[in-house]
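To start, the structure itself, in structure tokens.
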Amino acid sequence: MAAPGPARLLRAAAASSRRWLFSSTSPAAGPRPGCSGAAAAARAARPFSLSARAVLSSEDKITVHFINRDGDKLTAKGKPGDSLLDVVVNNNLDIDGFGACEGTLACSTCHLIFEDHIFEKLDAITDEEMDMLDLAYGLTETSRLGCQICLKKSMNDMTVRVPEAVADVRQSVDMSKNS
Amino acid sequence: MAGAGGRAPLGLRRWLSSAAPAPRVCVVGSGPAGFYTAQHILKHHGGALVDIYEKLPVPFGLVRFGVAPDHPEVKNVTNTFTQTARSGRCGFYGNVTVGRDVTVPELQRAYHAVVLSYGAEDNRVLGIPGENLPGVYSARAFVGWYNGLPENQDLKPDLSCETALILGHGNVALDIARILLSPLQLLRKTDITDSSLAALACSKVKRVWLVGRRGPLQVAFTIKELREMINLPGARAVLDPADFTGLESAVKDASRPRKRLTELMIKTALEKPVEMQAAAAGAAAPREWGLKFQRSPQEVLPSADGRRARGVRMALTRLEGLGDSAKAIPTGDVEELECGLVLSSIGYRSLPLDPAVPFDSQRGVIPNSSGRVEGVPGLYCSGWVKRGPTGVIITTMNDSFDTAQSLLEDLQGGVLDLSPSREGFGLVESILHSRGVRPVSFSDWEKIDAAEVARGKAAGKPREKIVDPAEMLRIIGH
């Protein structure tokens, strides 16, 4: 394995920072970026363009609404080129078990369901993504893996739905606020 | 944190107002089932304390000892497990064999709830003559060998033959075929053990057949693993187009995974003639693998001197019924397949842990309803011991969340005895001490981990696994 590049380190740091319980970081194996071309280049350039990022106005950000399994709506913003997994990680969105393999196309835990008009315009799907979707729970006609979908301006204000896992059909119990 | 919404659960209010002791939960087994169960309980109950017990000094079960070394992506789940274990509300006690060092009833007396997530440590056997000949190995042992599982380090499989036969059409069978046929330079960069790498470097195996009792529509492997095998550098797929005749229309209405999987096999089988031409032109891959269907092993045949396997006699079968429930019925015809290496990959099997725990030996699982062990309040199960040894990581994740959910419901519903006398590890510690057992903590594991990573670094590997438990214990000064 090559030494992790800046983009990898960023993603690794992000992946651990989202962990709900704790704060320490751990080195993650290099994820396979789902977003290609300009997006990946933009990501690689991140550490060297902090000042440019600082002036990035909120209008350049893209708003995404996630309908969680319990029906709650989580709203977060991301930059063009961010994957939906990045958005969940960077904003600490609490979706159980999301992104278990950290964006390396080795699981289907970041499965999301899209609105028809957005789905139709998504970049073509690879065989490898299809292969993992085959194992996803609650697959629909407009399902994709969040780690493979990168934000574009045209996606602003879109709503994606987290599919129900078998385990979540029952009313969830949450006693997390009593600590 | 999202999730609770407006409906503060009843149990939460009761828990807050009565200042009841924090529920103490014990999880037996530190593989994905154990860690995902612990994670869900800790996340959705802000007061619960969870202790995870593990037989080996090192955590993560099949993520470390089952997942193929060339699948590091799947091992990323250990990052989340590590975060869970580092929680102030989570304890890890390795080097403790439940059922021997401490019994399940003893754990039940120490904890408010006990979750059994100890997996499937045994394998199904063929039950045919010759099964115990040298050259015949269980897939479980072979996987354990190349993944550094201490109990399998003496396996030393004989790889001096050219043809290997794997009985089974699951992902484990494909993992083994891939490890046997992968170019060495690919394996060198993985966390495969040094000794198995050395053995593979001397391997003469260049042909691997994966044999199943039923047909292409009944294969149990998943498409990612099949595609990986098809794309394996330096190895050619040999599929007989005749095996796939008429299947295109048969899968038209099948489920999407079955349909795509079958279509990929058909496509590969039909591409064969082109590759054959390339082979004739001298561009042949030196190694090859293939799928054989509708063959049921009858006997492992001994060599002339009777000292090792030289082949397997197969009963040809026809299928009765359709789809998953199709049965293989012997036609009466037999065939001998020559091979020097036989790997039986017909499934893992859970074992009963303790007489106090009900066990369905027919199905090899603990009888349960949504993870609640039948007839034993406060006892739960998750993972393979709950539903049988199948599925991928997301299956075990959902399954473990399901069990955790049942446990949380029972906490909320006041079903569990939350008496403060159940002190958790405090009680267990004295039992272990009296029996001379010294548990390994998670920070101990992190020292072993660091040692493994350091050893791997020199060789350009993510880690060099330590395969001797005594050496692990020396590193942490036990």
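From first to last, the protein sequence lines are chains E and S. The first sequence lines up with residues 1406 to 1584 when you count with my numbering. The second sequence lines up with residues 3 to 480 when you count with my numbering. Note that beta-carbon positions come from the ideal geometry of N, C-alpha and C, so glycine has one too. A quick note: this is a predicted structure, and the numbers were derived from the prediction, not measured.
Where residue i meets chain S, residues with beta-carbon distance less than 7 angstroms
{"i": "E:GLU1569", "result": "What E:GLU1569 touches in chain S: nothing, since even the nearest Cβ is about 10 angstroms away."}
{"i": "E:GLY1483", "result": "The premise fails here: E:GLY1483 is roughly 18 angstroms from chain S at the closest Cβ pair, so nothing lies under 7 angstroms."}
{"i": "E:ASP1562", "result": "Simply none; closest approach about 19 angstroms."}
Beta-carbon proximity check, residue i vs residue j, cutoff 7 angstroms
{"i": "E:ILE1554", "j": "E:LEU1479", "result": "no"}
{"i": "S:VAL210", "j": "S:TRP147", "result": "no"}
{"i": "S:ALA50", "j": "S:SER119", "result": "no"}
{"i": "S:SER89", "j": "S:GLU56", "result": "no"}
{"i": "S:LYS226", "j": "E:ASP1465", "result": "no"}
{"i": "E:ILE1500", "j": "E:THR1547", "result": "no"}
{"i": "S:PRO391", "j": "S:ALA122", "result": "yes"}
{"i": "S:GLY458", "j": "S:GLU466", "result": "yes"}
{"i": "S:LEU418", "j": "S:ASP412", "result": "yes"}
{"i": "S:VAL505", "j": "S:LEU167", "result": "In this structure chain S extends from 3 to 480, so residue 505 of chain S is not present and cannot be described."}
{"i": "S:PRO235", "j": "S:PRO299", "result": "no"}
{"i": "S:GLY426", "j": "S:TYR113", "result": "yes"}
{"i": "S:ALA452", "j": "S:ILE477", "result": "no"}
{"i": "S:THR405", "j": "S:SER432", "result": "no"}
{"i": "S:GLN155", "j": "S:VAL469", "result": "yes"}
{"i": "S:PRO422", "j": "S:PRO23", "result": "yes"}
{"i": "S:PRO360", "j": "S:ASP193", "result": "no"}
Interface residues of chain E facing residue i [CB-CB closer than 7 angstroms]
{"i": "S:ILE225", "result": "ASP1536, ASP1539"}
{"i": "S:THR398", "result": "Going along chain E, no residue has its Cβ under 7 angstroms from S:THR398, so there is no contact; the nearest lies around 10 angstroms."}
Span of the alpha helix (DSSP H) around residue i
{"i": "S:THR84", "result": "79-87"}
{"i": "E:VAL1618", "result": "Residue 1618 of chain E cannot be examined here, being either before or after the span of chain E that is shown, 1406 to 1584."}
{"i": "S:PRO107", "result": "106-112"}
{"i": "S:ARG190", "result": "186-190"}
{"i": "E:MET1535", "result": "1532-1538"}
{"i": "E:ASP1475", "result": "E:ASP1475 -> no alpha helix (DSSP H), and no H or E assigned at all."}
{"i": "S:GLU250", "result": "249-252"}
{"i": "S:ARG66", "result": "63-67"}
{"i": "S:THR39", "result": "34-46"}
{"i": "S:PRO471", "result": "471-477"}
{"i": "E:MET1560", "result": "No alpha helix (DSSP H) contains E:MET1560, which DSSP labels as neither H nor E."}
{"i": "S:LEU418", "result": "Element bounds for S:LEU418: n/a, residue is neither H nor E."}
{"i": "E:PHE1524", "result": "1521-1524"}
{"i": "S:ALA460", "result": "444-460"}
CB-CB length for residue i against residue j, believed under 8 angstroms
{"i": "S:GLY214", "j": "S:GLY170", "result": "7 angstroms"}
{"i": "S:GLY132", "j": "S:ALA306", "result": "That belief does not hold up - the Cβ atoms of S:GLY132 and S:ALA306 are roughly 14 angstroms apart, past 8 angstroms."}
{"i": "S:ILE395", "j": "E:ALA1505", "result": "6 angstroms"}
{"i": "S:GLN220", "j": "S:ASP326", "result": "7 angstroms"}
{"i": "E:ALA1511", "j": "S:VAL145", "result": "Not confirmed; about 18 angstroms, so no contact."}
{"i": "S:ASP356", "j": "S:PHE295", "result": "The Cβ separation is near 41 angstroms, so there is no contact."}
{"i": "S:ALA143", "j": "S:LEU183", "result": "Wrong, their Cβ atoms sit about 19 angstroms apart, outside the cutoff."}
{"i": "S:THR86", "j": "S:CYS92", "result": "6 angstroms"}
{"i": "E:LYS1484", "j": "E:THR1468", "result": "The pair is not a contact, with the Cβ atoms about 12 angstroms apart (cut-off 8 angstroms)."}
{"i": "E:GLY1486", "j": "E:LEU1556", "result": "7 angstroms"}
{"i": "S:ALA222", "j": "S:ILE232", "result": "Actually they are not in contact, since the Cβ atoms of S:ALA222 and S:ILE232 sit about 17 angstroms apart, beyond 8 angstroms."}
{"i": "S:ASP103", "j": "S:LEU434", "result": "6 angstroms"}
First and last residue of the uninterrupted beta strand (DSSP E) at residue i
{"i": "E:HIS1516", "result": "1516-1518"}
{"i": "S:GLN414", "result": "Note, S:GLN414: premise wrong, no beta strand (DSSP E); alpha helix (DSSP H) at 395-414."}
{"i": "E:ARG1549", "result": "1548-1550"}
{"i": "S:ASP500", "result": "Residue coverage of chain S in this structure runs from 3 to 480, which leaves residue 500 of chain S outside it and unanswerable."}
{"i": "S:TYR382", "result": "381-383"}
{"i": "S:LYS329", "result": "329-340"}
{"i": "S:ALA358", "result": "Counting along the chain, S:ALA358 falls outside any beta strand (DSSP E), and DSSP gives it neither H nor E."}
8 angstroms Cβ cut-off: residues of chain E touching residue i
{"i": "S:PRO259", "result": "ASP1539, LEU1540"}
{"i": "S:ARG229", "result": "ASP1532, GLU1533, ASP1536"}
{"i": "S:ARG262", "result": "MET1535, ASP1536, ASP1539"}
Cross-chain neighbours of residue i in chain S, by beta carbon under 8 angstroms
{"i": "E:CYS1506", "result": "GLU75, VAL76, ASN78, VAL79, ILE395"}
Chain-ordered chain E contacts of residue i [CB-CB under 9 angstroms]
{"i": "S:PHE94", "result": "Going along chain E, no residue has its Cβ under 9 angstroms from S:PHE94, so there is no contact; the nearest lies around 14 angstroms."}
{"i": "S:ASN370", "result": "Near S:ASN370 there are no residues of chain E at all, since even the closest Cβ is about 14 angstroms away, more than 9 angstroms."}
*Please name the residues in the segment 1518-1544 of chain E whose beta-carbon is closer than 8 angstroms to at least one beta-carbon of chain C, in chain order.*
The chain labelled as chain C is not found among the protein chains of the depicted structure, namely E and S.
*Pull out every residue of the segment 189-218 of chain S whose Cβ sits closer than 7 angstroms to any Cβ of chain E, in chain order.*
LYS191
_Under 8 angstroms, CB to CB, which of the residues in the segment 1488-1516 of chain E have a partner in chain S?_
LEU1498, ASP1499, ASP1501, GLY1502, ALA1505, CYS1506, GLU1507, THR1509, LEU1510, ALA1511, CYS1512, SER1513, THR1514
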